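So the structure is just underneath, and the comments pick up after that.
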DNA sequence: AGCTATATAAGACATTTGTCCTATCGCTAA
DNA sequence: TTAGCGATAGGACAAATGTCTTATATAGCT
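Protein chains in written order, with our numbering: chain A, 12 to 211; chain B, 12 to 211.
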């Protein structure tokens, strides 16, 4: 027996396949082959394909929380933590160029399918939004923390999108640099930004 | 008979359905119902589903070129033209919130499917990239025109993505405002940006 | 009217899909 | 050893999909 239970194996294999191929394009046959079980046997572990999706979203939520906790424990300063968020694009650059941002692509796919789980899936984005907002709060930007969080989230997702579209590593690296510059500039002159945050 | 040929009707109906539901999730049955023909009859007009996709991409390319020509003829100044590009997000905000950016979502879907047409589809983004680059060239930024173009493209796609994810109109409007601010700031101090463009 | 080319309908076809059922395997506890 | 139960295999099933074939309708021309 392997270390993970078969159910966990199914979830993590589906996690990867949903990211690489998309949810709708991933069939039970694909997952069955990946975890080496017969196709008809899924319904012992999961009652439907949708319930696998739910499990995958739960797994991703847990992984996201773990990631954020890691950043918090490794970086005492909020600025540095936000830097970790930006650098995530570089750490995952190979995957991002090939498959895009895992959070964004799942959200857009489920939105188009009008899938019941789309609300739950958007929680994946909300987790980062909330976390970033808290970091900006720690920097003293209470009134515009959410705006700043969304701005950074927006830019990171845009960078992932164009990197995926054009397949150019350099584009991703350029945008990451610009986000760091923006953060640095912002931290440097917090006084100017309290009234109307000049994110430009 | 209607004004458009049946073949054109199929293409424009597919264009809309591919945007609203995604390419893979749109079946011949869906298109057949939309244009009121029988399902088995497609192969008189198109030899495969992929060839419909090719036709849709061609249509979108033509529409994009037309859009860019319109902006050029209505706005003599390059700054104003770039402003038109940014405002496109507001003009299409209802659709964008529901279905995301038509260009980006098609690209990411085809990338995941590893579809043969993904290269052709990325031309849709390239058209805007090239056009924006030319506008920045007209502003005297020859050396960093492509970087500026990609930066703006990235931010617009990011804004579309988060608007689609969170379904919040305000987010889109905020990001649009920030892009205008960025453009304004950039135009105001072109001298500072010639060496190292401070997009932050 | 009759002929021809274009256009459309209707359905067959194999394949794949998600779902569900049943039989069997292998382990553990009595 | 045997009974019981969790786990798995294998296949049945209807529905849907892309594809292809054949027959019919329609319009224009002679």
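No residue lacks a Cβ here, since even glycine has one placed at the ideal position from N, Cα and C.
Just so it is clear, the structure is predicted and the values come from calculations on it, not from any experiment.
Using the beta-carbon count (16 or more within 10 Å), is residue i buried or exposed?
i, result
"residue 202 (chain B)", "Residue placement at residue 202 (chain B) is poorly supported in this model, since its pLDDT is 47, which falls under 50; the coordinates still yield a value, given next. The residue is exposed, with fewer than 16 neighbouring Cβ atoms inside 10 Å."
"residue 102 (chain B)", "exposed"
"residue 12 (chain B)", "Model confidence at residue 12 (chain B) stands at a pLDDT of 40, short of 50, so the residue's coordinates are unreliable and nothing is read from them."
"residue 69 (chain A)", "exposed"
"residue 61 (chain B)", "exposed"
"residue 15 (chain B)", "exposed"
"residue 208 (chain B)", "Its pLDDT being 44, under 50, residue 208 (chain B) is placed unreliably by the model, and nothing is read from it."
"residue 123 (chain A)", "buried"
"residue 92 (chain B)", "buried"
"residue 160 (chain B)", "buried"
"residue 22 (chain B)", "buried"
"residue 87 (chain A)", "exposed"
"residue 55 (chain A)", "exposed"
"residue 51 (chain B)", "exposed"
"residue 127 (chain A)", "exposed"
"residue 186 (chain B)", "buried"
"residue 195 (chain A)", "exposed"
Helix, strand or coil for residue i? Go by DSSP, reduced to three states.
i, result
"residue 153 (chain B)", "coil"
"residue 53 (chain A)", "helix"
"residue 37 (chain B)", "coil"
"residue 125 (chain B)", "coil"
"residue 103 (chain B)", "coil"
"residue 48 (chain B)", "coil"
"residue 148 (chain A)", "helix"
"residue 58 (chain A)", "coil"
"residue 203 (chain A)", "Because the pLDDT of residue 203 (chain A) is 46, which lies under 50, any placement of that residue in the model is unreliable, and the number read from its coordinates should be weighed accordingly. In the structure shown, residue 203 (chain A) sits in a helix (DSSP, three-state: H, G or I)."
"residue 88 (chain A)", "coil"
"residue 25 (chain B)", "helix"
"residue 208 (chain A)", "Below a pLDDT of 50, predicted positions are generally treated as unreliable, and residue 208 (chain A), at 43, falls in that range; no measurement from the model is reported."
"residue 178 (chain B)", "coil"
"residue 70 (chain B)", "helix"
"residue 94 (chain B)", "helix"
"residue 16 (chain A)", "coil"
"residue 169 (chain A)", "helix"
Of the residues the options, which one's Cα is nearest the Cα of residue i?
i, options, result
"residue 104 (chain A)", "A:184, A:192, A:115, A:190", "A:184"
"residue 47 (chain A)", "A:56, A:27, A:20", "A:20"
"residue 125 (chain A)", "B:99, B:178, B:18", "B:178"
"residue 71 (chain A)", "A:198, A:176, A:139", "A:139"
"residue 141 (chain A)", "A:113, A:28, A:164", "A:164"
"residue 182 (chain B)", "A:189, A:188, A:167, A:162", "A:162"
"residue 79 (chain A)", "A:158, A:145, A:180, A:167", "A:145"
"residue 65 (chain A)", "A:45, A:40, A:34", "A:34"
"residue 44 (chain B)", "B:108, B:113, B:75, B:24", "B:24"
For residue i and residue j, what's the separation of their Cα atoms in angstroms?
i, j, result
"residue 30 (chain A)", "residue 137 (chain B)", "25 Å"
"residue 143 (chain A)", "residue 147 (chain B)", "32 Å"
"residue 174 (chain B)", "residue 152 (chain B)", "31 Å"
"residue 95 (chain A)", "residue 82 (chain A)", "7 Å"
"residue 193 (chain A)", "residue 149 (chain A)", "17 Å"
"residue 191 (chain A)", "residue 154 (chain B)", "22 Å"
"residue 130 (chain A)", "residue 172 (chain A)", "21 Å"
"residue 117 (chain A)", "residue 169 (chain A)", "15 Å"
"residue 176 (chain A)", "residue 120 (chain A)", "16 Å"
"residue 26 (chain B)", "residue 67 (chain B)", "6 Å"
"residue 17 (chain A)", "residue 167 (chain A)", "35 Å"
"residue 42 (chain A)", "residue 28 (chain B)", "28 Å"
"residue 132 (chain A)", "residue 157 (chain A)", "20 Å"
"residue 110 (chain A)", "residue 100 (chain A)", "13 Å"
"residue 73 (chain A)", "residue 36 (chain A)", "24 Å"
"residue 40 (chain A)", "residue 180 (chain B)", "40 Å"
"residue 98 (chain A)", "residue 134 (chain A)", "22 Å"
"residue 198 (chain A)", "residue 89 (chain A)", "10 Å"
"residue 57 (chain A)", "residue 85 (chain A)", "37 Å"
"residue 75 (chain A)", "residue 113 (chain A)", "11 Å"
If you measure from the CB of residue i, is any heavy atom of the ligand PLP nearer than 8 Å?
i, result
"residue 51 (chain A)", "No copy of the ligand PLP occurs in the structure displayed, which carries no ligand at all."
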